[in-house]
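Heads up: the structure comes next, in structure tokens.
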Amino acid sequence: MKKINLAEKFNLFEKHWSPYIVGELNGQYVKLAKFKGEFMWHSHENEDELFLVIKGKLRIELRDGSISLNEGEFFIVPKGT
1 MKKINLAEKF NLFEKHWSPY IVGELNGQYV KLAKFKGEFM WHSHENEDEL FLVIKGKLRI
61 ELRDGSISLN EGEFFIVPKG T
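So the sequence shown is numbered by the UniProt record's numbering: it starts at 1 and just counts up by one.
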């Protein structure tokens, strides 16, 4: 068992929109990603997706409206959304 330092892990990569695997939990990967600009909407039919903002802000556009996240906030996009 080991602890994970998020700041150290974020310093290991520069590329935006390319998830970096930092762990595994119950058969699911735990990934970090750097976001910049806009990203085309996509859907995950079989799994939920969690967005946790460590630094900055994130706006997620959904069919029914939008969600704005600030540092320290997270949102779970339900599967099939």
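Backbone N, C-alpha and C define an ideal beta-carbon position, used for all residues, glycine too.
Which of the three DSSP states, helix, strand or coil, is assigned to L6?
-> Helix at L6.
Taking one C-beta from the segment 20 to 31 and one from the segment 52 to 62 each time, how about it: are there three or more such pairs within less than 8 Å?
-> Segments in contact, no.
Expressed to the nearest angstrom, what Euclidean distance is found between the alpha-carbon atoms of H44 and A7?
-> For H44 and A7, the gap between their C-alpha atoms comes out near 28 Å.
How many Å lie between K36 and M1 at the Cα?
-> About 33 Å.
Where G65 falls: helix, strand or coil (DSSP) = Residue state, collapsed to three classes: strand.
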